[in-house]
Structures are given as C-alpha cells and as structure tokens.
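Going line by line, the protein sequences match chains R and V.
Under the UniProt record's numbering, think of the first position of the first sequence as 1, with each following residue one higher.
Under the UniProt record's numbering, think of the first position of the second sequence as 1, with each following residue one higher.
Ideal Cβ placement from N, Cα and C applies to all residues, glycine included.
Bear in mind that the values here come from a model prediction, so they are computed numbers and not experimental data.
First comes the structure, then the notes that go with it.
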Amino acid sequence: MNSALARGMARKAGLPWPAPLRRHRPGDPLVPGTVLVLGGGAAAGAAEEILRGWGVEVRRNSGGAGPLGAIVLALDALRAPADLSAPALATGQALRQLVPGGRVVAYLRGEAGDAGDPVRAAARRGAEGFLRSLARELRGGATANGIVLGGETLCADAPSAVAALRFLLSGRSAYVDGQLVRVDTTAGTLPVDWELPLQGKVAVVTGAARGIGAAIARTLRRDGASVVGVDVPAAGEALAAVASQVGGTALQLDIVRPDAGQAILAHARERHGRLDIVVHNAGITRDRLLANMDRSRWESVVAVNLESQLRMNATFFDAGLQGLRIVSLASTSGIAGNRGQTNYAASKAGVMGMVGASAAAAAALGGGINAVAPGFIETDMTAAVPLATRAAARLLMPSLMQGGLPVDVAEAVGFLAWDAAAGINGQTLRVCGQSLVGA
Amino acid sequence: MAASPENTVPQASRNAAGGVRPAVVIGGNRIPFARAHGHYAHASNQDMLTAAIDGLVARFGLQGQRLGAVAGGAVLKHPRNFNLVREAVLATALAPDTPAYDVQMACATGMEAIGSLANKIRLGQLESGIGGGVDSTSDAPIAVSEGLRRMLLELHRAKTARQKLAAVARLRPRDLAPDAPGTAEPRTGLSMGEHQALTTAAWGITREAQDQLALASHRNLAAAYERNFFDDLITPYRGLARDANLRADTSAEKLASLQPVFGKDLGTTATMTAGNSTPLTDGAATVLLGSEDFARQHNLPMLANFLDFEAASVDFVRGREGLLMAPAYAVPRLLERNGLSLQDFDFYEIHEAFAGTVLSTLAAWEDAGFCRNKLGLDAPLGPVDRSRLNVNGSSLAAGHPFAATGGRIVATLAKLLHEKGSGRGLVSVCAAGGQGVAAILEAR
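In structure tokens, the structure reads:
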C-alpha cells in the first residue's frame with residue numbers, strides 16, 4: 001500500500017498512525033530536550049545528579065514551561081497506594097510537553113514476589129499498572145518504562161541502574177515500551193565511553209547470517225566489540241558478508257552439534273584471545289497447529305532453540321570464563337502463547353526458564369545471563385506470517401502501532417551485554433513495542 | 001628405452017631447507033563445485049574467485065588487510081580477464097593495495113600459484129599470500145573464427161573504400177561459425193579423455209579398478225561432509241552448499257552400467273565412462289599461506305608447512321609418454337630432493353582427472369621397468385597404501401574446475417594433516433600439455 005495515501009486516509013478517518021521511532025545514532029544527544037525529574041523517592045536526587053553528570057538539562061518542578069525530552073519519575077519510596085496519586089497526576093500535567101520520541105522512566109522498588117507488607121506491596125504493584133497504562137497513552141513514538149530497584153536498600157546510583165537509565169532514555173530503547181528492568185545488585189562497572197560500551201570485548205553471535213542476528217553483530221561491533229559470527233554451514237555465504245561488514249570472523253557451525261560450545265570457545269580464544277559475550281540468537285520456527293504437529297518439527301525446534309543453548313552454556317560455565325555475559329533470544333510467543341507455535345513457544349519459554357535458573361552460575365563467575373523477548377520484528381521470519389495477522393500484529397497490538405526492526409532487538413541485547421549491566425541477571429526484557437504478538 | 005636425462009631423478013640434490021623459513025598453510029576456502037551449466041551457469045570466473053576469496057577473508061578476519069600477494073588463475077579465460085586475480089581482489093574485502101597476479105599452467109595452475117607463493121614466503125619476500133584458482137566451463141569464452149578475425153583486423157587497417165570492400169569480400173560463410181574452446185590437445189587433436197584412454201589401455205587398467213576408485217571417491221567425499229570436515233573449508237555460493245557432482249548414493253552396479261565414452265576405437269575393450277572420468281565443472285578455491293610470524297601475529301592457525309614442490313613435463317606429442325603421466329616423474333624427483341621414499345606419507349592426494357590417470361601413475365611407480373628405464377631408478381618406488389589415498393574424496397566426486405583443483409587439494413590435505421597432528425602428505429596433479437606438479441606438505 002502507498003504509505004502516504006494510507007496515512008492520509010487514516011488521518012481523515014481519525015485513526016491512529018504509527019510515528020517514526022527515535023533510534024540511536026552515534027553522536028546524537030541522549031535525550032531530545034530537558035528532563036523533568038518528579039517524585040519524592042531518593043532516586044530523584046540520584047537521577048538528577050547522574051543526568052547532570054551526562055550534561056543533560058534537568059528540571060525538578062512540574063510547573064515550568066518548554067518542551068521535555070523525558071520525564072524521570074521516582075516512585076521508589078511508595079509506602080501506601082495513596083502515595084502514587086501526586087506523582088501520577090503531576091506526570092499527567094507534564095505529558096503535553098513531552099516531545100515526539102520522548103521517554104518516561106520510572107524508578108520502582110520491590111522484593112521479588114512482593115514479600116512483606118501488603119499495603120506497601122499494593123502501592124508498588126500499583127505503580128507498575130500505572131506505568132504500563134501510561135505507556136499505552138503516549139503518542140509520537142514516546143515510551144514509558146521502569147527500573148525496579150531490587151530489595152529495600154539498592155540505590156539508583158548502582159551501576160546497572162545507571163546503565164538502565166541510560167539505555168531507557170536513549171534511542172537504543174526505541175521499541176522497548178511498558179517494560180520493567182530489574183536491578184538486583186550493585187555489580188557492574190560503568191564504561192569509559194558510553195558510545196563504546198563494549199570496547200575491547202569479544203562477542204559470539206549465533207545465527208548471525210541474517211535478520212536479527214546480523215543486526216546484533218553490527219550493533220555489537222558499532223559499540224566496540226570484536227564479533228565472531230556463527231551460523232549453519234549452509235548459510236555461509238550470507239554469514240561471510242556479515243563477518244566482512246563487521247570486520248569479524250565467520251564460524252560455520254551447526255550449534256546442535258554436541259561439541260558446538262567447544263568449537264566456539266576454541267575459535268574465540270585462538271583468533272581473538274578471549275570470549276566475553278555470547279548471544280544465543282540462532283533459532284528456527286516449524287509452525288503447525290498441535291493437531292498436525294509431527295515429531296521432527298517439534299524436536300528440531302526444541303533442539304535448536306533451547307537444548308543447544310543449555311549444552312553450550314554448560315561448556316562456557318565449565319570453562320570458568322570470568323565476567324561472561326550471555327544473552328539469549330526468547331520470544332513474546334513464549335510469554336503470551338501463539339497459535340501454531342506450541343513447539344516454538346515451548347522452546348522460547350524454556351529459554352526464559354533457563355536464564356532465570358542459570359543466573360546464579362553466571363553471577364558466580366562475575367557475569368550474567370538474560371533473555372530478550374522480541375515481539376513482532378520485521379524480518380524474513382515474520383514476512384512469512386499471513387498478511388492479515390501481520391497487519392494486526394504491526395498496527396493494532398503494540399502501543400507503538402508498528403513492528404520493530406532487527407536493530408531494536410540488537411540494542412537490547414547490546415545493553416544486557418554491557419559490563420555495567422552486571423546487576424541485571426536472570427531476567428527477560430521484552431522488545432515488543434508493548435505488544436504480545438511475536439515470532 | 002633409455003631414460004631421457006632431463007626427466008631422471010638427479011642424485012643427491014637435497015632440499016636446501018636450511019636457508020629458508022617455513023611457509024605455512026593457514027587455511028582455505030572454496031565454493032562448492034558445480035557441474036557445468038548448473039548452479040553457476042551465470043557466474044563468471046571473477047564472480048566465483050571473488051566469492052572464494054571473500055569467504056576466506058571472512059573466515060580469518062582479514063578485512064581491510066594488505067596481504068603480500070594474491071596469485072591464481074583460470075584455464076578457460078576471456079581476453080577481458082587479462083588481470084583476473086587483481087580484478088577479483090579489488091572486488092573483495094581485502095585492502096585494495098594487495099598485489100595480485102595471474103598464473104596459468106593448465107590444471108596445475110592452482111598448484112603453481114600456491115607453490116610459488118610458498119617459495120616467496122620461504123625466502124622472506126612475502127609474509128602472507130592467497131593462492132588458488134577458478135574455472136568456469138559454463139561461462140567459457142567463445143571466439144570468432146580465424147577467418148572472421150583476420151577479416152576484421154584487415155578491415156581495421158584498410159584505408160580506402162576499395163580496401164575495405166576487399167577485406168569484407170574475403171569472408172566465407174564458414175567463417176561465421178564461432179570457435180568454442182575444447183579440451184583437445186592443440187598438437188595432437190585428441191581430447192584429454194582419448195589421451196588418457198591410450199595410457200589406461202597401455203597400463204592394462206581394468207574397468208572394475210577404475211569404477212572402484214570412483215566409488216571410493218564419492219563415498220569418501222560424502223563421509224567427509226557427514227563428519228563436517230568441510231565446515232571450515234567451504235563457503236556456500238548461489239544456493240549451493242555441497243559439491244553438485246557428489247553422488248553419495250552411487251554404487252558399483254550403477255557405475256558398471258555406464259557406457260564407455262573414451263577409447264572406443266583402440267581395438268581393446270573401452271573402460272572409461274562418465275562415472276570414472278571427471279565432468280566439466282565450475283568453481284573456485286583459495287588457500288591462505290603465511291610465515292609463522294604472520295600466523296602468530298594475527299592469531300591464525302598453522303595447519304601444515306608447504307614443504308616443497310616440483311613440476312615435470314613429458315613428451316606426449318611423439319607418443320613417448322602418456323599425456324597425464326608427468327606427475328609420475330615429478331614425484332620421484334621431489335622425493336629424492338627431500339630424502340623421502342614414496343611410503344613416507346600419511347596421506348596421498350592424487351588428482352583424479354580420470355580414475356585411469358591415478359591408477360596408471362600408481363602402476364608406473366610399482367613397475368620396475370618404468371622406474372628403471374624412465375626414471376633411472378635402481379628399484380621401483382613401490383606401492384601406495386590405498387587406505388591413505390584421497391581419503392576425503394577427490395575430483396571424480398567433487399568435480400574439477402581446472403585451476404581450482406590445486407587449492408581444493410592443498411586446503412583439504414593441510415587440514416587432514418593438522419587433524420592427525422603429525423606426518424606428511426603428497427600431492428600429485430596432472431595437467432594439459434603433458435605437465436604435472438607434485439608437492440609435499442608436513443603436519444603442524
């Protein structure tokens with residue numbers, strides 16, 4: 001469809017139309033304007049100091065005029081549901097000043113499982129619901145996300161909370177909307193240069209020949225890493241092109257091989273001297289309604305998408321790689337379910353279970369393991385989705401009213417690979433434009 | 001018949017290895033070989049060579065690097081590809097200031113390119129280089145006839161209308177037929193297959209023995225794919241991920257059912273079929289070589305040393321020797337120079353132009369008369385352990401894009417030697433014009 005024509009028709013019909021998203025370009029300012037810091041928690045003061053340290057203009061009262069690049073909302077000190085009304089309503093008053101591509105980032109606090117005081121827990125969970133609905137009300141490609149400070153004492157100046165603030169304010173988080181990033185520890189070191197947070201790192205990306213994997217390879221390279229691209233031998237031609245683009249090396253390898261982890265480790269060590277980051281991106285779909293599912297479709301999906309990762313991770317943990325950061329690709333299909341994808345959803349939900357249960361082993365080595373769950377991303381894989389489903393997945397389901405791009409997933413993967421993200425462990429971050437349709 | 005002096009093995013002129021440093025085979029890359037007019041029907045030599053080099057660059061992270069030299073060539077070559085390898089390099093991710101040159105030695109082009117690069121590295125003239133070759137029989141050059149060509153040149157030189165008319169008037173209808181390249185030897189008019197049929201018959205090589213060798217080639221190549229041997233030696237190209245000529249399911253019965261295609265007029269039973277002869281093939285292969293310092297500085301593997309190589313030629317024109325028998329002469333000279341016997345190898349890579357070529361060569365080395373009269377040796381070179389011969393298949397299964405075969409063999413052998421961790425490998429490649437090249441690699 002002619003997009004200019006469609007846009008005009010949509011406007012006349014009073015229908016919403018997707019806005020261009022603010023995506024990261026090296027050298028761009030962190031936020032497109034002044035940041036308003038609201039709320040009474042200790043995080044407000046910390047955030048103000050961090051922002052000023054980054055050279056960002058900060059305002060502390062909601063009465064001021066002028067456009068806002070972002071609103072940072074400190075909800076980390078809520079004790080009762082009533083505490084939420086003032087900051088929520090003040091945010092509402094400031095929303096009209098938020099520029100297209102603006103950001104709302106809220107600090108929340110919480111114990112895993114809401115243990116303890118029911119009144120306080122109600123306030124804290126209430127803040128999550130508020131934030132998710134606020135995200136659905138924002139327009140112009142603006143997003144709202146939260147940083148959950150784990151436990152009762154963790155401060156907003158913990159390295160991973162700082163990194164999360166940086167990521168969520170920046171164009172790197174363009175398609176992350178209505179999500180919470182949980183920081184549990186003070187682990188992590190901030191980068192010398194925020195434009196090159198992966199400087200000196202060696203990263204392996206599986207499934208790097210095309211789509212999201214190729215975008216991850218390019219993004220990690222842009223952020224300073226040396227990249228080893230891995231894909232099945234049959235995809236070698238495209239893999240070679242990606243490897244040459246990123247100045248990395250191509251490793252043709254089927255990751256379902258029992259010795260795949262060893263082969264990756266040997267290649268990274270021999271050719272690049274070390275291994276710091278592993279991105280388990282390789283995955284396949286073999287969609288069928290369960291009634292029509294055969295053994296090979298089921299088992300190949302689970303073997304590639306899940307069992308291979310478990311086996312490779314065991315190899316990497318056994319090798320005692322210090323500070324190793326692993327990022328696995330999950331899917332919103334594994335969260336919300338998806339018709340025709342029982343096998344795929346099982347594998348991708350399994351990935352989320354795997355990262356949660358592997359967090360302790362990763363932390364013991366000073367590293368971390370997390371997952372990224374893409375929603376509807378425009379790739380060859382989703383191009384195979386039937387047209388009507390695809391249109392609905394793009395326009396109707398996500399708050400951002402559009403599919404994401406491979407680079408949006410890559411940015412989230414890159415963020416979780418930062419040393420500064422070491423306090424974020426065992427989690428799954430959705431990159432879905434606040435939707436639940438995906439592949 | 002007395003041995004001709006230039007082809008006998010010179011005594012005691014051992015390899016002067018003391019003064020030179022090792023040239024190391026770091027790795028290789030080729031595209032899968034396709035049958036002519038198949039997957040690569042619309043790919044040019046330059047396209048295929050570029051793809052093979054780019055795959056090598058990606059495998060070893062050489063983007064933007066200036067290498068010492070890239071050497072290679074093609075047997076069937078368009079006149080516009082006068083600078084084929086340099087043009088290919090300019091299209092790759094290598095630094096544009098990487099020198100490149102074309103080499104041409106018929107089917108031994110790849111071996112000559114790789115061997116001469118190795119020599120330059122051994123002498124300290126180069127730190128690194130890529131050697132290899134490419135051939136397309138699908139995108140073959142087709143020339144105008146000699147009559148039309150002369151007319152066009154005359155027309156170009158003509159000044160007056162009368163001279164121009166005279167030039168054009170010389171043209172005959174038969175001159176309009178294009179001149180396509182063939183595999184016929186210019187001096188004998190016989191095709192390579194017919195030449196080999198003479199040799200095969202002379203050595204009494206049976207149909208069964210040839211079919212057996214062809215079957216082993218297909219089985220060995222298929223098994224090598226099955227164990228992922230080629231994962232770091234091949235990069236797929238244009239949708240082809242494995243050699244298109246490979247018939248993993250072929251059998252002795254299927255091979256035995258094929259009709260002979262060469263040697264049908266020799267008065268003996270013809271034995272050479274499409275099954276035990278290589279098909280026309282498209283493809284490209286490259287090998288990365290370097291000094292030890294280069295490999296270490298770039299954290300690159302060292303698979304094998306390219307120890308030495310030797311070329312030989314035979315007088316096939318007057319029928320004194322078979323067209324493809326030159327390696328039978330190159331190998332003993334190479335062995336003598338390096339103080340080795342034919343049995344001192346863990347792997348033998350004898351290019352299967354035809355099954356009959358390999359078997360005739362092996363028979364010659366076991367034949368006391370040949371070794372005494374032709375090679376001037378006191379005793380036969382003796383047998384080759386067949387379980388060490390072409391263990392991952394050779395040209396009968398993989399196909400034979402003429403100039404690419406040397407690169408395929410050297411990379412395969414170097415990896416085999418490195419996997420074993422010790423020992424030596426012997427390479428033998430025959431070529432048109434009665435030529436051949438032999439080489440020795442040593443495991444690292």
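Taking a cut-off of 8 Å for Cβ pairs, the stretch 324 to 334 of chain V and the stretch 417 to 431 of chain V touch, as three or more such pairs fall below it. V/R386 has a beta carbon lying at 8 Å or more from every beta carbon in chain R. Within the same chain, and ignoring the five residues on either side of R/T219 in sequence, the residues whose Cβ sits closer than 7 Å to its Cβ are V407, A410, E411 and G414. With 16 or more other Cβ atoms from the protein chains shown falling within 10 Å of its own Cβ, V/S277 counts as buried. Following the DSSP letters along the chain, one finds R/F415 inside the alpha helix (DSSP H) bounded by residues P406 to A417. Taking one beta carbon from each stretch, the stretch 184 to 203 of chain R and the stretch 416 to 423 of chain R have 3 or more pairs nearer than 8 Å; the two touch.
Between R/V72 and R/D117, the alpha-carbon positions lie close to 26 Å from each other. For the C-beta of V/T235, the chain R residues within less than 9 Å are, from N- to C-terminus, P233, G236, E237, L239, A240, A250 and Q252. Interface annotation, R/R271: in contact with chain V, CB-CB separation under 8 Å.
Annotation for R/G213: V205, G207 and N281 place their beta carbon closer than 6 Å to its own, counting only its chain and skipping 5 residues before and after.
In chain order, F130 place their CB closer than 7 Å to the CB of R/A88, counting only its own chain and leaving out the 5 sequence neighbours on each side. Only residues of its own chain outside the window of five on either side were considered, and among them R297 and G340 have a CB closer than 7 Å to the CB of R/R288, listed in chain order. V/L289 places its beta carbon 8 Å or farther from that of V/D308. Contact of V/G421 with chain R is not assigned, every C-beta pair being separated by 8 Å or more. Contact between R/V227 and R/A241 does not hold, since their C-beta atoms are separated by about 13 Å, which reaches or exceeds 8 Å.
Looking at the backbone, the Cα of V/G72 and that of V/Q163 are separated by about 44 Å. Assignment of V/R170 by DSSP, reduced to helix, strand and coil, places it in the coil class. Boundaries for R/F130: no beta strand (DSSP E) harbours it, while the alpha helix (DSSP H) harbouring it runs P118 to E137, taken from the DSSP string. When Cβ-Cβ separations below 8 Å define contact, V/N392 makes no contact with chain R. Of the candidates R/V99, R/I277 and R/G40, the residue whose Cα lies closest to the Cα of R/L365 is R/I277. The criterion of a C-beta distance shorter than 8 Å is satisfied by V/T109 and V/V75. Note: R/P374 is bridge-paired with R/V431 in the DSSP secondary-structure output. The beta-bridge partner set that DSSP reports for R/T34 consists of R/L68.
Chain R places no beta carbon closer than 8 Å to that of V/N45, leaving this residue out of the contacts. Taken residue by residue, none of the stretch 300 to 328 of chain R has a beta-carbon sitting less than 8 Å from a beta-carbon on chain V. Only buried fits V/P32, as 16 or more other CB atoms lie within 10 angstroms of its CB. Comparing alpha carbon positions, the residue from R/P18, R/N61 and R/G8 closest to R/T34 is R/N61. Cα atoms of V/R444 and V/R219: separation of roughly 27 Å, rounded to the nearest angstrom.
Residue pairing of R/M293 in beta bridges, as defined by DSSP: absent, with no partner found. When only Cα atoms are considered, R/R23 and R/A362 end up about 31 Å apart. At a cut-off of 8 Å between beta carbons, V/D231 contacts chain R. Taking 8 Å as the cut-off, the beta carbon of R/A359 is found closer than this to the beta carbon of R/N425. Looking at the backbone, the Cα of V/E87 and that of R/G229 are separated by about 27 Å. According to the DSSP assignment, R/R325 belongs to the beta strand (DSSP E) that extends over R325 to L329.
Between the beta-carbon of V/G55 and that of R/G236 there is about 7 Å, and that keeps the pair under the 8 Å contact cut.
Ranking V/S251, V/D243, V/G189 and V/V89 by CA distance to the CA of V/D211 puts V/S251 first.
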